[in-house]
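In the UniProt record's numbering, the protein residues as written are 1 to 185. Data block below; observations after.
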Amino acid sequence: MMITIPPRRAPCTAMPSGPGSASSWWCPIVNRFVVAALLVVALLALSISLPGSYQAAQAQDADSLTIISGDDRHVFSVELANTPESRARGLMYRRSMPDDHGMLFDFGRVDMVSMWMRNTYIPLDMLFVRADGSIARIARDTEPLSERSISSGEPVLAVFEINAGISDRFGITAGDRIEHPLFAQ
């Protein structure tokens with residue numbers, strides 16, 4: 001009885017070994033690696049380009065808003081909460097916020113609005129804003145962690161939340177105007 005051993009396959013090489021062998025170096029191991037690498041790159045590119053991705057949200061949040069109070073103009077960096085998820089989360093669980101920052105809640109239509117401070121550790125001033133950008137009402141120095149309902153008092157398009165005391169410090173009152181692309185001017 002004679003046992004024959006099949007000839008050994010040549011190992012994969014990075015370069016073709018001769019004429020007509022351009023594909024000989026694409027052994028199964030290299031094929032799998034290349035396909036896996038291309039798949040990873042494609043998935044990363046897709047996740048970065050999705051409209052709901054974290055990066056897109058961060059770019060959208062890089063916004064500013066101006067409150068006009070008498071002859072004074074107060075500029076704030078703004079995080080925009082314009083989805084049901086971002087509005088529900090709001091400023092929950094945050095322990096601090098710079099005085100020149102705030103969160104603008106865009107409700108997408110004019111309606112009665114109620115807010116609360118559930119899981120919100122920062123005392124806030126809530127500015128309830130009409131569609132024309134005028135401030136309808138200010139709820140000052142709201143109580144952290146409270147589940148008490150804070151009403152707009154009239155139909156509004158948005159709420160702008162800033163640190164408690166900022167409205168008093170800058171003399172911001174009902175009737176003052178907010179400039180931001182959200183509001184018709």
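Ideal Cβ positions, reconstructed from N, Cα and C, are used throughout, including at glycine.
Reduced DSSP secondary structure (H/G/I, E/B, other) of residue i
{"i": "I166", "result": "helix"}
{"i": "A174", "result": "coil"}
{"i": "R73", "result": "strand"}
{"i": "S86", "result": "helix"}
{"i": "A184", "result": "coil"}
{"i": "D100", "result": "coil"}
{"i": "A131", "result": "coil"}
Residue(s) in a DSSP beta bridge with residue i
{"i": "E154", "result": "Answer is none; E154 lacks a bridge partner."}
{"i": "L145", "result": "L145 pairs with nothing; no bridge assigned."}
{"i": "M117", "result": "M117 is not bridged to any residue."}
{"i": "S64", "result": "S77"}
{"i": "I122", "result": "Answer is none; I122 lacks a bridge partner."}
{"i": "R137", "result": "F128"}
{"i": "F105", "result": "A81 and V159"}
Alpha carbon of residue i to alpha carbon of residue j, nearest angstrom
{"i": "residue 196", "j": "A81", "result": "Here the chain covers residues 1 to 185 and nothing more, so residue 196 does not appear."}
{"i": "L145", "j": "P155", "result": "25 Å"}
{"i": "A164", "j": "V75", "result": "16 Å"}
{"i": "residue 186", "j": "I162", "result": "Only positions 1 to 185 of the chain appear in the structure, and residue 186 is not among them; the question remains open."}
{"i": "F107", "j": "D125", "result": "18 Å"}
{"i": "C105", "j": "M112", "result": "The amino acid occupying residue 105 in the given sequence is Phe; Cys does not appear at that position. Those two C-alpha atoms are separated by around 13 Å."}
{"i": "T66", "j": "I166", "result": "14 Å"}
{"i": "V78", "j": "S149", "result": "24 Å"}
{"i": "T142", "j": "P123", "result": "5 Å"}
{"i": "D132", "j": "N119", "result": "31 Å"}
{"i": "E179", "j": "D71", "result": "14 Å"}
Any non-hydrogen atom of the ligand GDP closer than 7 Å to residue i Cβ
{"i": "Y93", "result": "With respect to the ligand GDP, the structure offers nothing, as it holds no ligand at all."}
Inset, instruction - Answer yes if the stretch 125–139 comes into contact with the stretch 92–100, meaning at least three C-beta pairs across the two stretches below 8 Å, and no otherwise. - result: No, the stretch 92–100 does not touch the stretch 125–139.
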